[in-house]
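Q: For the sequence shown, our numbering gives the first residue as 9, with consecutive numbering after it. Every residue gets a Cβ at the ideal spot worked out from N, C-alpha and C, and that includes glycine.
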Amino acid sequence: MDKWRVPEASTWDTEFHYVCFNDECPYFVRGWSWMQEKYQAKASYRHCIDPVTGCSRPLPVWSLTALKDGIIYNNNADSEKGN
Numbered sequence: 009m010d011k012w013r014v015p016e017a018s019t020w021d022t023e024f025h026y027v028c029f030n031d032e033c034p035y036f037v038r039g040w041s042w043m044q045e046k047y048q049a050k051a052s053y054r055h056c057i058d059p060v061t062g063c064s065r066p067l068p069v070w071s072l073t074a075l076k077d078g079i080i081y082n083n084n085a086d087s088e089k090g091n
């Protein structure tokens, strides 16, 4: 699970969530066919956990790279990759 910065316009009460960005995760891989079969949508979902409540939920994504720009890399105290 990676620390992921939630979008500023979100209604979540926390600054980050933990999200599985493993592209080989069975949950993510199966999501593509499930979303196509149930909703005729070219999308999947990633496993997401709210660190405040501990609740887990699917986080919808539309591509392999969707939302990855929000990953927080802890090279040194909450700095992002490349900084």
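(1) Hey, out of Pro59, Glu32, Val60, Pro68, whose CA is closest to alanine 49's CA?
(2) Name the residue from Lys11, Glu16, Leu72, Thr22 whose alpha carbon lies nearest to the alpha carbon of threonine 5.
(3) Can you find a heavy atom of the ligand COA that lies under 8 Å from the Cβ of threonine 19?
(4) Taking all protein chains shown into account, decide if tryptophan 12 is buried (16 or more other Cβ within 10 angstroms of its Cβ) or exposed.
(5) Can you give me the start and stop residues for the beta strand (DSSP E) that tryptophan 12 sits inside?
(6) Which of the three DSSP states, helix, strand or coil, is assigned to serine 18?
(7) Secondary structure at serine 64, three-state DSSP: helix, strand or coil?
(8) Tell me whether tyrosine 81 sits in a helix, a strand or coil according to DSSP, three-state version.
A: On the basis of the supplied data:
(1) The option with the nearest alpha carbon to alanine 49 is Pro68.
(2) With the chain represented from 9 up to 91, any question about residue 5 goes unanswered, as that position is not in the structure.
(3) As for the ligand COA, it is missing from this structure, which has no ligand bound.
(4) Looking at its Cβ environment, which holds 16 or more other Cβ atoms inside 10 Å, tryptophan 12 is buried.
(5) For tryptophan 12, the enclosing beta strand (DSSP E) has its first and last residue at 10 to 13.
(6) In the structure shown, the three-state DSSP call for serine 18 is coil.
(7) Here DSSP, grouped into helix, strand and coil, assigns serine 64 to strand.
(8) Tyrosine 81: coil per DSSP, three-state reduction.
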